[in-house]
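Asker: The working numbering numbers the first residue of the sequence shown as 1 and each following residue consecutively.
So that we are looking at the same thing, I have put the structure below in structure tokens.
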Amino acid sequence: MPAAPVLEVRDLRVEYVTTRGAIAAVDGVDLDVHEGEFVGLVGESACGKSTLLFAIAQLLSPPATVRAGSVVFRGRDLVTMTDRQLRSLRWRDYSVVMQSAMNALNPVMSIGAQFEDVLAAHTQMSGRQMSERSVEVLRLVGIDPIHLRSYPHQLSGGMRQRAMIAMALLFTPDLVIMDEPTSALDVVAQRSLMVQIKDLQRRLGFAVVFVTHDMSLVSHFSDRLLVMYAGQVVEAGPTRTVFDRPAHPYSRGLLDAFPSVRGPRVPLTGIPGAPPDLARPPAGCRFHPRCPVAFDDCSHVAPELYQVGEAQARCLLHAPDRPAATAPTVGDEKDEAVEDEAVEHEAVEHEAVEGEEVRR
Ligand code: ATP
Ligand code: SF4
Ligand code: MG
């Protein structure tokens with residue numbers, strides 16, 4: 001029998017209570033993450049990615065509130081736990097890496113002091129054991145342990161993100177939740193950090209939920225991909241499948257929104273229009289005002305997640321009662337040039353320069 005997922009999110013609904021009414025930033029999301037699995041979560045700005053991650057980690061603060069659903073981590077529902085119970089799990093069993101280490105790290109404490117704070121709060125380690133563990137995790141992410149004495153501003157952006165990742169690995173948790181940890185970095189540092197995260201994940205065996213709006217970034221690293229639009233999952237499936245044969249027109253649009261370095265030059269089409277106001281999402285399919293293949297039903301029938309081969313897509317084109325012959329197509333398969341390029345990117349990633357400057 002396959003092992004139960006490390007994380008099982010079921011029908012999760014998170015609302016922000018505002019003067020304009022409730023904004024359902026996460027609306028009926030299901031998500032399973034298995035041991036050692038790397039799950040990528042992609043979507044445009046404001047589609048609810050961070051809200052979902054914060055809800056999983058139970059780090060939401062007002063006006064956000066979990067209205068419905070469950071977040072079962074290792075068999076226990078985090079939504080119903082007390083703060084004290086959650087504190088005993090955070091860092092040890094699951095940890096979170098935020099978008100900006102500069103905001104997450106304390107600017108007036110050295111990196112080493114911050115590591116020891118976390119260790120002291122969760123263990124009975126002696127000072128010497130704490131310092132040994134701090135040295136160990138900093139080495140894991142390729143930073144000279146001398147920087148335990150450095151303050152966040154003395155490190156480059158990439159090193160700060162690595163220090164955050166080292167901190168998240170102090171206890172080798174089962175799950176590391178990452179919210180765009182590479183987005184503040186330049187492309188080379190971004191790829192290099194991705195390679196390192198993947199390498200650590202393979203070696204240490206933790207599962208990852210990784211949020212980004214750049215589908216190409218996670219395409220080489222994640223086992224599964226979830227595409228979010230307007231608070232809902234619109235496509236989910238093995239990364240290769242979603243990348244090569246996107247079943248949802250929105251996924252196709254996201255893929256067309258990044259440039260191809262090799263292959264013929266084609267205009268970037270992207271996705272016209274903007275995501276909807278979540279206080280008043282469109283009726284029917286939430287994507288219909290922007291969808292290039294929308295048809296009559298789309299404006300009043302809300303699609304469910306339908307099985308499409310190994311993936312699932314929230315699109316009426318894939319509704320089982322819709323005759324396949326009448327369904328417009330989402331688009332051609334992602335072309336071979338882009339696929340080749342993905343392989344090439346991977347090669348480049350392995351050559352990425354690891355050393356980074358230290359500002360003194
Ligand atoms: P980004 O890629 O820009 O980080 P995101 O996908 O992480 O976006 P969220 O930050 O989760 O999106 O926001 C989802 C929705 O919730 C947005 O429509 C946003 O306007 C709304 N929202 C977020 N924070 C608040 C808040 N404090 N009060 C009201 N609405 C909020
Ligand atoms: Fe486009 Fe209709 Fe599918 Fe929505 S349901 S994605 S509008 S074709
Ligand atoms: Mg976000």
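Every residue, glycine too, gets a C-beta built ideally from N, C-alpha and C.
How far does the alpha helix (DSSP H) with L138 in it reach, from first residue to last?
Answerer: Counting along the chain, the alpha helix (DSSP H) containing L138 begins and ends at G127 to L140.
Asker: Using the beta carbon as the reference atom, which residues fall closer than 7 Å to any heavy atom of the ligand MG, ordered along the chain?
Answerer: Counting every residue whose Cβ lies closer than 7 Å to a heavy atom of the ligand MG, we get K49, S50, Q99, D179, E180 and V211.
Asker: In whole angstroms, what separates the C-alpha of R20 from that of Q129?
Answerer: The alpha-carbon atoms of R20 and Q129 are separated by roughly 52 Å.
Asker: Within 6 Å: the Cβ of P45 and any heavy atom of the ligand ATP?
Answerer: At residue 45 the sequence reads Ser, which differs from the Pro that was named. Yes; taking the cut-off as 6 Å, the Cβ of S45 has a heavy atom of the ligand ATP nearer than that.
Asker: State the DSSP-derived secondary structure class of I146, mapped to helix, strand or coil.
Answerer: I146 falls in the helix class under three-state DSSP.
Asker: Helix, strand or coil for F287 per DSSP?
Answerer: In this structure, F287 counts as coil in the three-state DSSP scheme.
Asker: Three or more C-beta pairs under 8 Å: does that hold for the segment 41-56 against the segment 224-235?
Answerer: The segment 41-56, when compared against the segment 224-235, does touch it at the 8 Å Cβ threshold.
Asker: Under 7 Å, Cβ to Cβ, is there at least one residue of chain D near E132?
Answerer: Note that chain D does not occur in the displayed structure, where there is just one protein chain.
Asker: Give me the Cβ distance between C291 and P249, rounded to the nearest whole Å; I'm assuming they're in contact under 8 Å.
Answerer: The pair is a contact, with the Cβ atoms about 5 Å apart (cut-off 8 Å).
Asker: Report the option in L52, F295 and H300 whose CA atom is closest to the CA atom of G284.
Answerer: Checking every option, the nearest Cα to that of G284 belongs to H300.
Asker: Where does P276 fall in DSSP's three states?
Answerer: Of the three classes helix, strand and coil, the one that applies to P276 here is coil, per DSSP.
Asker: DSSP beta-bridge partners for V209?
Answerer: Per DSSP, V39 and I177.
Asker: Pull up the distance between the alpha-carbon of V261 and that of A313, whole angstroms please.
Answerer: Because V261 sits at a pLDDT of 47, beneath the cut-off of 50, its placement in the model cannot be relied upon, and the following sentence gives the value as read from the coordinates. Whole-angstrom Cα-Cα distance: 29 Å.
Asker: Could you tell me whether the segment 175-182 touches the segment 208-215, where touching means 3 or more Cβ pairs closer than 8 Å?
Answerer: Judged by Cβ distances under 8 Å, the segment 175-182 makes contact with the segment 208-215, as three or more pairs qualify.
Asker: Are there any heavy atoms of the ligand ATP lying less than 6 Å away from the beta-carbon of A184, as far as the coordinates show?
Answerer: Not under cutoff, so the answer is no.
Asker: Span of the alpha helix (DSSP H) holding R84?
Answerer: First-last of the alpha helix (DSSP H) with R84: D83 to L89.
Asker: Look at A279 and I56 and say whether their C-beta atoms are less than 7 Å apart.
Answerer: Cβ distance not < 7 Å, so A279 and I56 don't count as in contact.
Asker: What does the alpha-carbon distance come out to for the pair V14 and P281?
Answerer: Cα-Cα distance, rounded: 15 Å.
Asker: With DSSP as the reference, identify every bridge partner of G21, one or two as the case may be.
Answerer: G21 is bridged to T18.
Asker: Is any non-hydrogen atom of the ligand SF4 found closer than 6 Å to the C-beta of V293, if you look at the structure I gave you?
Answerer: V293: yes, Cβ under 6 Å from the ligand SF4.
Asker: By DSSP, does Q201 sit in helix, in strand, or in coil?
Answerer: Correct three-state label for Q201: helix.
Asker: Taking its Cβ as the centre, do 16 or more other Cβ atoms sit within 10 Å of H153, making it buried, or is it exposed?
Answerer: Classification of H153: exposed, given that the 10 Å Cβ count is below 16.
Asker: So, at 7 Å on beta carbons, what are the nonlocal neighbours of A48 in its own chain, with the 5 sequence-adjacent residues on each side left out?
Answerer: Checking the sequence shown, residue 48 turns out to be Gly, not Ala. Closer than 7 Å at the Cβ level, and outside the excluded window around G48, lie A25, V26, M228 and G231.
Asker: Can you list, in chain order, the residues of its chain with a C-beta nearer than 7 Å to that of S100? Leave out the 5 residues immediately preceding and following it.
Answerer: Answer for S100: A184, listed in chain order.
Asker: Could you check which residue in A46, V66 and P62 has the C-alpha nearest to that of T10?
Answerer: Thr is not the amino acid found at residue 10; the sequence shown has Arg there. The shortest C-alpha separation from R10 is found at V66.
Asker: On the DSSP bridge list, what partners appear for D244?
Answerer: Partner(s): none; D244 has no beta bridge.
Asker: Does the beta carbon of A25 fall short of 6 Å from some heavy atom of the ligand ATP?
Answerer: True, at least one ligand heavy atom lies under 6 Å from that Cβ.
Asker: Using a threshold of 7 Å, state whether the C-beta atoms of G158 and S134 are closer than that.
Answerer: No; because the gap between Cβ atoms is not below 7 Å, this pair is not in contact.
Asker: Does the segment 58-76 touch the segment 87-94, meaning 3 or more C-beta pairs lie closer than 8 Å?
Answerer: With a cut-off of 8 Å, the segment 58-76 and the segment 87-94 count as touching, because enough Cβ pairs lie within range.
Asker: Would you check whether the ligand SF4 has a heavy atom nearer than 6 Å to the C-beta of L305?
Answerer: No, Cβ of L305 sits at least 6 Å from all heavy atoms of the ligand SF4.
Asker: Which same chain residues, not among the five before or five after P145, have their C-beta less than 7 Å away from its C-beta?
Answerer: Closer than 7 Å at Cβ, skipping near neighbours: V135, L138 and R139.
Asker: With distances taken between CB atoms, is the gap from E310 to T241 smaller than 7 Å?
Answerer: In this structure, T241 lies closer than 7 Å to E310 by Cβ.
Asker: Residues in the same chain with beta-carbon distance under 6 Å from D77, minus the five sequence neighbours each way, listed in chain order, please.
Answerer: Correct list, in chain order: S70.
Asker: How about D296 and L316: do their beta carbons lie closer than 7 Å?
Answerer: No, they are not a contact pair.
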